[in-house]
Amino acid sequence: MDLKKLASVLITDNDLLPIEEYENIYPERVRGEKAEVTRLAPSPTGFIHLGNLYSALADERSAHTTGGVFYLRIEDTDEKRKVDGAVESVIRSLKYFGINFDEGAEIDSPLNKYGPYYQRQRAKIYRAFVKDLIERGLAYPCFCTEDELNAVRDKQTSEKKTTGYYGEYAKCRNLSEEEIYKNLAQGKPYVIRLKSQGSVENKIIFRDAIKGEVTVTENDQDVVILKSDGIPTYHFAHAIDDHFMRTTLVIRGEEWLSSLPVHIELHKVLGFKPPRYAHTCSLMKMDGDTKRKLSKRKDPELSLDYYRQAGYFPKAVVKYLMTILNSDFEEWSLKNPDGDYRDFKFRIEKMGKSGALFDLEKLNDISRTEISKLSPEECFGFLKSWVDEFGTDADKAHFKDDKYIIKVLALIMGAGGKKRRKDVERAEQGVRLIDYFFDDTFKPEYSFRFDDATVNCVLDVFADMYDPADDNSVWFAKVKSIAPLVGFASEMSEYKANPEAYKGNVSDVAEILRIAITGMPNSPDLCTIMNILGKERSLARLQAARR
Ligand code: GLU
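Now the structure itself:
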């Protein structure tokens, strides 16, 4: 068969470069011996999830701890799945978590020498290589229709055979020249398939950067490499791109492990040295007693938008993911509580080989700790950026008074004191936590534990005595002085020695005041809260709480 002629009939572009040219257009990168070139290669579907962030963090750390490059490539070969604005959303979402690309799609960088970074714009490169494979007898046209392929699949399934297009089932593999041209003359649509040289009798031992030695069966499937619209499949495009973008380390989910034999063969027939592959394990969660993969349908926490909307502190999410990525990160972090996670020696080889458990509680705990390290001004900035995007009109109005909120936050966070409080977990919860400092959002549900006469007496007597100039000890002495008036013990020791003799004690007096002022039985220092609220508002709240 005249393969050269066939190739030019099947691939009609007349402006394709000779394939050798591409080696010059995309030369080896000048880089240190250990420098890794990594990439995130999402499809532009608009859905970017925690798994992407987890992978992106591993990519970014691998590149940036070795002096390498991390780039963004958009795998848009499937036009149907494309969503407008998806690329910007990937970049913006990752940026929120402090992950930035050095090069790639929509990245303004002098490094962009390996583009275009959208696969659809690289169609000529792929077609040049497909043409070459056809000329070398390593690829062929397949005219099978969807129905024919389905029928083969059904037959294979009923005969308990491996499904797919291979060996005796690869009907178009051995078409004669005459049959091919007849089909073409009839205008039958076709795809181009790889003419696999492999056999399932052979095993390949492969070294995964995370999973270590993996034995896989050689590929014998004649996979589609070019679809009928002239656009390649993911398998083919990624092999070409990772080679010419000079990727050294491909980090991707373990769901791709089953495609590895195809990828190994594609690199082989294309004459490329494959990059190192690192297959990360899936993020799992506990569902009752069972462990299962995080699911798009069931788990809102899989979506990255969830973290932004709930106002997670981005650095906390990243630090938490670091604890899953490298199990010794937690120990490092305890030793370096104020250290930057970027100073930790991340290594891909230290990643877990099996299911990584995602634990929201632990994330919340890290988030509280990270937020507690902020100054009240920094915390204000963090909460405000959430309010600007997701807050109610009332929140937005409140956050105009930065001085007032910073005072509130200094109290809530225990700033200045010896011990920082860890009450703020997420921006959304933090903003709700300070609602009671504003009259329009102060919606108390009084839950007094004493009779009305007692409550009213405490509120009235304290209102009469209250002087905002009082310091904490004078303030407390006044609270104490009310205790005997309502039959409470003013000293805890007296109360403990003889609890039956009293209706309550001094802390119950404080509780009544606290509920009146904040609506809650627990709060930070009440004297300071009253100070922040000011005399007028404090007295109004004492009055409003009367039964
Ligand atoms: N486009 C593939 C995906 O979105 C990327 C797989 C890879 O990283 O090689 O899952």
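Counting from 1, position 533 in the sequence shown corresponds to residue 554 in the working numbering; the numbering is continuous, with no gaps. We put the CB at the ideal spot given by N, CA and C, even for glycine.
*At what residue ranges does the region 130–164 contain a whole run of the beta strand (DSSP E), taking only runs of 3 or more?*
Restricting attention to beta strand (DSSP E) runs no shorter than 3 residues, the region 130–164 encloses them at 160–163, ordered along the chain.
_N- and C-terminal bounds of the alpha helix (DSSP H) containing residue 9_ = As shown, the chain starts at 22 and ends at 568. That puts residue 9 outside it, with no answer to give.
_Assumed close pair residue 301, residue 332 - CB separation to whole angstroms, cut-off 8 Å_ = Here residue 301 refers to the residue found at position 280 when the sequence shown is read from its first residue. Here residue 332 refers to the residue found at position 311 when the sequence shown is read from its first residue. Contact annotation, residue 301 with residue 332: C-beta distance approximately 27 Å; criterion of less than 8 Å not satisfied.
_Looking only at its chain, what residues have a beta carbon closer than 7 Å to the beta carbon of residue 194, apart from the 5 residues adjacent to it on each side?_
Numbered from 1 along the sequence shown, position 173 holds the residue referred to as residue 194. Excluding residues within five positions, the ones whose Cβ falls inside 7 Å are 161, 216, 243.
*From 69, 123, 561, pick the residue whose C-alpha is nearest to that of residue 92; which is it?*
In the sequence shown, residue 92 corresponds to position 71, counting from 1. Answer by Cα proximity: 123.
*With C-beta atoms as the reference, is residue 539 less than 8 Å away from residue 457?*
Here residue 539 refers to the residue found at position 518 when the sequence shown is read from its first residue. Here residue 457 refers to the residue found at position 436 when the sequence shown is read from its first residue. Their beta carbons are under 8 Å apart, which means residue 539 touches residue 457 by this criterion.
*Enumerate, from N- to C-terminal direction, the unbroken alpha helix (DSSP H) stretches of 4 or more residues contained entirely within the region 470–522.*
List check, alpha helix (DSSP H) in window: 473–486, 493–503, 513–518.
*Determine the burial state of residue 80: buried for a count of at least 16 other Cβ atoms within 10 Å of its Cβ, exposed for fewer.*
The residue labelled residue 80 in the question sits at position 59 within the sequence shown. Residue burial annotation: residue 80 is buried, with at least 16 other C-beta atoms found within 10 angstroms of its C-beta.
*Compute the beta-carbon to beta-carbon distance between residue 186 and residue 253, rounded to the nearest angstrom, for a pair I have assumed lies under 8 Å.*
Your numbering for residue 186 matches position 165 in the sequence shown. Your numbering for residue 253 matches position 232 in the sequence shown. With a Cβ gap of about 16 Å, residue 186 and residue 253 do not count as contacting.
*Could you round the C-beta distance between residue 509 and residue 529 to whole angstroms and report it? I think they count as a contact, below 8 Å.*
On the sequence shown, position 488 is the one that residue 509 refers to. On the sequence shown, position 508 is the one that residue 529 refers to. Contact flag correct, Cβ pair sits at about 6 Å.
*Near residue 316, what residues of its chain come up, given a Cβ to Cβ distance below 8 Å and the 5 sequence neighbours on each side ignored?*
Here residue 316 is taken as the residue at index 295 of the sequence shown, counted from 1. Cβ within range, chain order: 323.
_Could you check if residue 96 belongs to the surroundings of the ligand GLU, using beta carbon to heavy atom distance under 7 Å?_
Here the question's residue 96 lines up with position 75 in the sequence shown. Checking the Cβ of residue 96 against the ligand GLU gives yes.
*Please confirm whether residue 289 and residue 156 have their CB atoms less than 8 Å apart.*
For this step, residue 289 is matched to residue 268 along the sequence shown. For this step, residue 156 is matched to residue 135 along the sequence shown. Against a cut-off of 8 Å, the Cβ pair of residue 156 and residue 289 comes out as no contact.
*residue 273 - DSSP class collapsed to helix/strand/coil*: Mapped onto the sequence shown, residue 273 falls at position 252. Residue state, collapsed to three classes: strand.
*Could you name the residues of the same chain whose beta carbon sits closer than 8 Å to that of residue 256, not counting the 5 residues immediately before and after it, in chain order?*
Indexing the sequence shown from 1 puts residue 256 at position 235. Only residues of its own chain outside the window of five on either side were considered, and among them 244, 246, 280, 283, 284, 287 have a CB closer than 8 Å to the CB of residue 256, listed in chain order.
*Member of 393, 127, 369, 547 whose CA lies at the smallest distance from the CA of residue 446*: Here residue 446 refers to the residue found at position 425 when the sequence shown is read from its first residue. Of the listed residues, the one whose Cα sits closest to residue 446 is 393.
*If I'm right that residue 201 touches residue 27 with Cβ under 8 Å, what's the distance once you round it to whole angstroms?*
Looking up residue 201 in the sequence shown gives position 180. Looking up residue 27 in the sequence shown gives position 6. By a beta-carbon distance limit of 8 Å, residue 201 contacts residue 27. Their separation comes to about 7 Å.
*How is the alpha helix (DSSP H) around residue 360 delimited, first residue to last?*
Numbered from its first residue, the sequence shown carries residue 360 at position 339. Taken as a continuous stretch (DSSP letters only), residue 360 belongs to no alpha helix (DSSP H), as it is neither H nor E.
*asked:* Could you tell me which whole alpha helix (DSSP H) segments of length 4 or greater appear in the region 271–346?
replied: Segments of the alpha helix (DSSP H) lying fully in the region 271–346: 281–291, 325–330, 335–346.
*Count the other CB atoms within 10 Å of the CB of residue 226; is the residue buried (16 or more) or exposed (fewer)?*
Counting from one through the sequence shown, the residue named residue 226 turns up at place 205. Exposed: under 16 other Cβ atoms inside 10 Å.
*Residue from 241, 400, 143 with nearest C-alpha to residue 455*: On the sequence shown, residue 455 is found 434 positions in, with the first residue counted as 1. Taking each of 241, 400, 143 in turn and checking the Cα distance to residue 455, the smallest one comes out for 400.
_Assuming contact is defined by CB atoms lying nearer than 8 Å, are residue 88 and residue 119 in contact in what I supplied?_
Within the sequence shown, residue 88 is the residue found at index 67, counting from 1. Within the sequence shown, residue 119 is the residue found at index 98, counting from 1. Cβ distance not < 8 Å, so residue 88 and residue 119 don't count as in contact.
*Whole-angstrom distance between residue 294 and residue 263, CA atom to CA atom*: Translated into the one-based positions of the sequence shown, residue 263 becomes position 242. Translated into the one-based positions of the sequence shown, residue 294 becomes position 273. Each residue's Cα considered, the two are about 10 Å apart.
*Pick from 145, 543, 552, 336: whose alpha carbon is nearest that of residue 261?*
Mapped onto the sequence shown, residue 261 falls at position 240. Ranked by Cα distance from residue 261, the options 145, 543, 552, 336 are led by 145.
*Counting pairs of beta carbons, one from the region 512–530 and one from the region 487–494, are three or more of them closer than 8 Å?*
No, they do not touch.
*asked:* Counting C-beta neighbours from all protein chains within 10 Å, is the total for residue 208 16 or more, i.e. buried, or is it exposed?
replied: For the purposes of this step, residue 208 is taken as residue 187 along the sequence shown, with counting starting at 1. Looking at its Cβ environment, which holds fewer than 16 other Cβ atoms inside 10 Å, residue 208 is exposed.
*Determine the closest residue to residue 326 out of 78, 558, 117, with distance taken between C-alpha atoms.*
Position 305 of the sequence shown, counted from the start, is the residue given in the question as residue 326. For residue 326, the closest C-alpha among the options 78, 558, 117 is that of 117.
*Compare the C-alpha of residue 537 against each of 563, 444, 376, 483 and name the closest.*
Here residue 537 is taken as the residue at index 516 of the sequence shown, counted from 1. Residue 563 is the option with its Cα nearest to residue 537.
*Distance, Cα to Cα, residue 561 vs residue 549?*
Your numbering for residue 561 matches position 540 in the sequence shown. Your numbering for residue 549 matches position 528 in the sequence shown. Rounded to whole angstroms, residue 561 and residue 549 show a C-alpha spacing of 17 Å.
*Collapsed DSSP secondary structure at residue 452 in the structure displayed*: Within the sequence shown, numbered from 1, the residue matching residue 452 stands at position 431. If DSSP states are grouped into helix, strand and coil, residue 452 belongs with the helices.
*State the start and end residues of the unbroken beta strand (DSSP E) segment that holds residue 212.*
Working through the sequence shown from its first residue, we reach residue 212 at position 191. 212–215 is the span of the beta strand (DSSP E), which, as asked, contains residue 212.
*Who are the near neighbours of residue 558 in its chain, counting only those whose CB is closer than 8 Å to its CB and skipping five residues on each side?*
Indexing the sequence shown from 1 puts residue 558 at position 537. These residues qualify, in order along the chain: 460.
_Determine whether the beta carbon atoms of residue 57 and residue 270 lie at a separation below 8 Å._
Taking the sequence shown and counting its residues from 1, the one referred to as residue 57 is at position 36. Taking the sequence shown and counting its residues from 1, the one referred to as residue 270 is at position 249. Result yes, Cβ atoms of residue 57 and residue 270 sit closer than 8 Å.
_Spatial distance of residue 568 from residue 473 (CA atoms)_ = For this step, residue 568 is matched to residue 547 along the sequence shown. For this step, residue 473 is matched to residue 452 along the sequence shown. One C-alpha to the other measures close to 6 Å.
*Measure the C-alpha to C-alpha separation of residue 352 and residue 135 and round it to an integer number of angstroms.*
Numbered from its first residue, the sequence shown carries residue 352 at position 331. Numbered from its first residue, the sequence shown carries residue 135 at position 114. Whole-angstrom Cα-Cα distance: 39 Å.
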